[in-house]
Amino acid sequence: MARSVIDPVTRIEGHLRVEMEVENGVVSDAWVSGGCFRGMELVVKDRTPEDAAHIVQRICGVCPVSHSHAATIAAEKAYGITISNNARIIRNLIEGAQFLHSHILWFYTLAALDYVNPPERSEGKRRQRL
Amino acid sequence: MQLLLLVLCAVNGGWMGANPNSAGALGVQQYLKKQGIDTPVINIPAALLTPEWLEAVLVDAILVGKLLSSPLTTSPRSSSTKPFTITASVVVTSRMANLFTHSAPKEEAKGYCLYPMGCRGPQTKANCGVVRWNHRRSWCVASGGPCIGCCTANPNDPGENWVETNTPFRARFRDLRIGGLVVQPEAIAWTLTGVVAAALVIHGFGMKKMGRTDGGADFEPIREWDKKHPSESIGQYDEEVLKGGK
Chain H
79 MARSVIDPVT RIEGHLRVEM EVENGVVSDA WVSGGCFRGM ELVVKDRTPE
129 DAAHIVQRIC GVCPVSHSHA ATIAAEKAYG ITISNNARII RNLIEGAQFL
179 HSHILWFYTL AALDYVNPPE RSEGKRRQRL
Chain C
19 MQLLLLVLCA VNGGWMGANP NSAGALGVQQ YLKKQGIDTP VINIPAALLT
69 PEWLEAVLVD AILVGKLLSS PLTTSPRSSS TKPFTITASV VVTSRMANLF
119 THSAPKEEAK GYCLYPMGCR GPQTKANCGV VRWNHRRSWC VASGGPCIGC
169 CTANPNDPGE NWVETNTPFR ARFRDLRIGG LVVQPEAIAW TLTGVVAAAL
219 VIHGFGMKKM GRTDGGADFE PIREWDKKHP SESIGQYDEE VLKGGK
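Heads up: the protein sequence lines correspond to chains H and C, in order.
According to our numbering, the first sequence is numbered sequentially starting from 79.
According to our numbering, the second sequence is numbered sequentially starting from 19.
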């Protein structure tokens, strides 16, 4: 039984570690863990909820708005605030824009290299030209 | 060898380096210093980076070749790092306060300013106001959001990060953090006032106890003016007063 470790797993937002047990070329067991500790909860502690909404955006560059949104909702629940319908619509529009941005960013910078091989592509083009 | 750093977190640890910094985050410059590696570092302190900014620094570095004198460059090799200045070749940094007229002319004409809401524009050095975001569409202040100063960095203090410096973002009143202790300027002012007042009271009691206040200051038996003008004198002090005096 061989043990295989991939650490860090790249081209995802954050860092991931995957441990696998391989038996006869087949993965029999696997463990996935996020090993990057940044201490967001502790940084936000003792600061105002307004600040938290701005700080937690920086958790992730692919989905910053969602984190800010979540922090805002949490603060509103804590204070018992109900937002107006217009505010809800604006937030949902921003969230929708964030969906678009996030998908494009994820696809082109993180995932595209799994589907496209730039060196191969350029070689193919050169062959075509020849 | 030159090191080019892009994101704010690599400059000074970013929000991870903010108190209590439980992850032990360091900027690359700090890390290199700690490890004793002597390499010049270009810091671009932007939590988000515009392509224009990166290009400006690259143009500055490659074409103009004035890397070490560029405003955002800090070199561990020389102890005297240059403060933020606007280079002649590429305007990398500029004070946002001067740029309101270019970004939001209507609001500027109406006299709106976000500074009382805690806008960090005037003290933040970034090119957001010139370059703007999303293909020169808008930037935080133009859309009515006070700047939170996410481009904060200090070449002379590589550990200074934007969260630590600028929170609370929506107030001009700021937390002062001494180690793990969070204090407000007002608390310090009241503490100092209290200490001074208490010291004065203790001083008063001490003087009383030492007997140095007993009887007060020396009395003159006759007023100086009365001495010179006996005809206009209003008379001697009372006997009681003179008994108390010396």
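Even glycine gets a Cβ: it sits at the ideal position worked out from N, Cα and C.
Based on the DSSP output, what are the partners of residue i in its beta bridges?
i: Ala-80(H); result: Val-100(H)
i: Asp-107(H); result: Glu-99(H)
i: Leu-94(H); result: Val-87(H)
i: Val-309(C); result: Since the first residue shown for chain C is 19 and the last is 264, residue 309(C) is missing from the structure and cannot be characterised.
i: Leu-199(C); result: Ile-196(C)
List the residues of chain C that residue i touches, going by C-beta distances under 8 Å, in chain order.
i: Phe-177(H); result: Ordered by position in chain C, no residue passes the 8 Å Cβ test against Phe-177(H), which lies about 16 Å from the chain.
i: His-181(H); result: Chain C residues near His-181(H): none, gap ~16 Å exceeds 8 Å.
DSSP three-state label for residue i, please.
i: Leu-194(C); result: strand
i: Ile-161(H); result: coil
i: Ile-60(C); result: strand
i: Trp-151(C); result: strand
i: Ser-93(C); result: Residue confidence for Ser-93(C) is low, a pLDDT of 36 falling below 50, so the modelled location carries little weight; the figure read from the coordinates is stated next. Residue state, collapsed to three classes: coil.
i: Ser-210(H); result: Coverage of chain H is limited to positions 79 through 208, which leaves residue 210(H) absent and any answer about it impossible.
i: Gly-32(C); result: helix
i: Leu-132(C); result: coil
i: Val-156(C); result: Residue 156(C) is actually Ser in this sequence, not Val. Correct three-state label for Ser-156(C): strand.
i: Thr-209(C); result: helix
i: Asp-244(C); result: helix
i: Phe-187(C); result: coil
i: Thr-187(H); result: helix
i: Cys-137(C); result: coil
i: Val-181(C); result: helix
i: Asn-225(C); result: Note that residue 225(C) corresponds to Met in the displayed sequence, not to Asn. Helix.
i: Ala-171(C); result: coil
i: Ala-249(C); result: Just to set this straight, residue 249(C) is Ser in the shown sequence, not Ala. Three-state result, Ser-249(C): helix.
i: Gly-112(H); result: coil
i: Cys-27(C); result: helix
i: Gly-174(H); result: helix
i: Val-194(H); result: coil
i: Ile-55(C); result: coil
i: Phe-118(C); result: At Phe-118(C), the pLDDT of 43 sits below 50, so the modelled position is not reliable and the matter cannot be decided from this model.
i: Ile-166(C); result: coil
i: Ala-215(C); result: helix
i: Leu-50(C); result: helix
i: Pro-69(C); result: helix
Along chain H, in chain order, which residues have C-beta atoms closer than 7 Å to that of residue i?
i: Pro-69(C); result: In chain order: nothing, as chain H lies at least about 14 Å away.
i: Pro-38(C); result: Leu-120
i: Val-200(C); result: Asp-124
I want to verify the contact list: residues of chain C whose CB lies under 7 Å from the CB of residue i, in sequence order.
i: Asp-129(H); result: Thr-185, Pro-186, Phe-187
i: Ile-133(H); result: Trp-33, Val-181
Please list the partners that residue i has in chain C, where partner means a Cβ-to-Cβ separation under 9 Å.
i: Thr-126(H); result: Thr-185, Pro-186, Phe-187, Arg-188, Ala-189
i: Phe-115(H); result: Ser-40, Ala-41
If the cut is a Cβ gap below 8 Å, which residues of chain H does residue i touch?
i: Gly-32(C); result: Arg-136
i: Ile-166(C); result: His-132
Are three or more beta carbon pairs between the segment 136-154 of chain C and the segment 183-191 of chain C nearer than 8 Å?
At 8 Å Cβ cutoff, the stretches touch.
Any 3 or more C-beta pairs closer than 8 Å across the segment 37-48 of chain C and the segment 108-119 of chain H
Yes, since at least three Cβ pairs between the segment 37-48 of chain C and the segment 108-119 of chain H fall closer than 8 Å, the two stretches touch.
Under 8 Å: do the segment 131-150 of chain H and the segment 49-56 of chain C share three or more Cβ pairs, one atom per stretch?
They do not touch, by the three-pair rule.
Runs of beta strand (DSSP E) lying entirely within the segment 116-172 of chain H, each at least 3 residues, in chain order
Given a length threshold of 3 residues, the segment 116-172 of chain H has no whole run of the beta strand (DSSP E) inside it.
When you compare the segment 89-102 of chain H with the segment 139-153 of chain C, are there three or more beta-carbon pairs, one atom per stretch, that lie closer than 8 Å?
Judged by Cβ distances under 8 Å, the segment 89-102 of chain H makes no contact with the segment 139-153 of chain C, as fewer than three pairs qualify.
Does the segment 148-162 of chain H come within contact of the segment 125-139 of chain H, defined as at least 3 CB pairs closer than 8 Å?
Between the segment 148-162 of chain H and the segment 125-139 of chain H, the count of Cβ pairs shorter than 8 Å is three or higher; the stretches touch.
Is there contact here, the segment 60-70 of chain C with the segment 203-223 of chain C, by at least three beta-carbon pairs under 8 Å?
Because the criterion of three Cβ pairs below 8 Å is not met, the segment 60-70 of chain C and the segment 203-223 of chain C do not touch.
Are at least three pairs of beta-carbons, each pair with one atom in the segment 169-180 of chain C and one in the segment 140-150 of chain C, less than 8 Å apart?
Yes, since at least three Cβ pairs between the segment 169-180 of chain C and the segment 140-150 of chain C fall closer than 8 Å, the two stretches touch.
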